[in-house]
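What follows is one structure encoded as structure tokens, with my remarks underneath.
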Amino acid sequence: MGHIQNKSLDSVAQSVVLEGTVRSVALVVGCADPRIHFDREDWLFQQYGEKALIDRIILAGATKEIDVVLRQVKLLHHHHQFPKLILTHHEDCVAYGGAACPIHGHAGILYNNKALFEEVLPVDVEIEMYVQTLDGLFLPAHEHLLIS
Ligand SMILES: [Zn+2]
0 MGHIQNKSLD SVAQSVVLEG TVRSVALVVG CADPRIHFDR EDWLFQQYGE
50 KALIDRIILA GATKEIDVVL RQVKLLHHHH QFPKLILTHH EDCVAYGGAA
100 CPIHGHAGIL YNNKALFEEV LPVDVEIEMY VQTLDGLFLP AHEHLLIS
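The sequence shown lines up with residues 0 to 147 when you count with numbering that gives the first Met the number 0.
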């Protein structure tokens, strides 16, 4: 059972090469902070398998330089046609003043910018948003919005 499951995960994760076109399984946007790098990679491997072709945009502040990120997202989708965009921010990000921007602050930023990503991608691209803790948890942004 486990073997079959792994095999199907693998086949989902593998690239499909069609007429010279590389297709990735997802694009991940995340911060350059080295404290969160390995947990993010482990999390991706757990979900997609070790050999998955995953596009990555790694920039200080993740989505902070939104125009740069949107251009890169659009370009990478044009080339690799990923079906899923994963936007991640993280706890204690210095690009947002560290502790001055708590988890719900990051969740709000991600949530508020979602429409900008929808504008540059086809409607069938799924967009997931997470705030990564320094402990390596990935908290879904929509569950951590501050409701006023
Ligand atoms: Zn950061």
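Cβ coordinates follow ideal geometry from the N, Cα and C atoms, glycine included.
State buried or exposed for residue i, treating a residue as buried only when at least 16 other CB atoms are found within 10 Å of its CB.
i: Leu133; result: exposed
i: Ile72; result: First, the amino acid is wrong: residue 72 is Val here, not Ile. With 16 or more other Cβ atoms within 10 Å, it is buried.
i: Leu84; result: buried
i: Ile146; result: exposed
i: Val68; result: buried
i: Leu74; result: exposed
Is residue i near residue j, with beta carbons less than 7 Å apart?
i: His88; j: Leu109; result: yes
i: Ala51; j: Val21; result: no
i: Leu26; j: Asp66; result: no
i: Lys113; j: Ile102; result: no
i: Val124; j: Leu86; result: no
i: Val122; j: Ala106; result: no
For residue i, I'd like the list of residues in its chain whose CB is within less than 8 Å of its CB, leaving aside the five on either flank, ordered along the chain.
i: Ala98; result: Asp91
So, at 6 Å on beta carbons, what are the nonlocal neighbours of residue i in its own chain, with the 5 sequence-adjacent residues on each side left out?
i: Ala59; result: Ala31 and Ala94
i: His36; result: none
Taking the DSSP output, what are the residues bridged to residue i?
i: Pro139; result: Tyr129
i: Phe55; result: It is Arg, not Phe, that sits at residue 55 in the sequence shown. Paired residue(s): Val27.
Measure how close the beta-carbons of residue i and residue j come, nearest whole angstrom, since I'm counting them as under 8 Å.
i: Gly135; j: Asp38; result: 4 Å
Looking only at its own chain, which residues have a Cβ that is under 7 Å from the Cβ of residue i, when we skip the five neighbours before and after it?
i: Leu138; result: Ile102, Tyr129, Val130 and Thr132
i: His79; result: Val21, Arg22, Ser23 and Asp54
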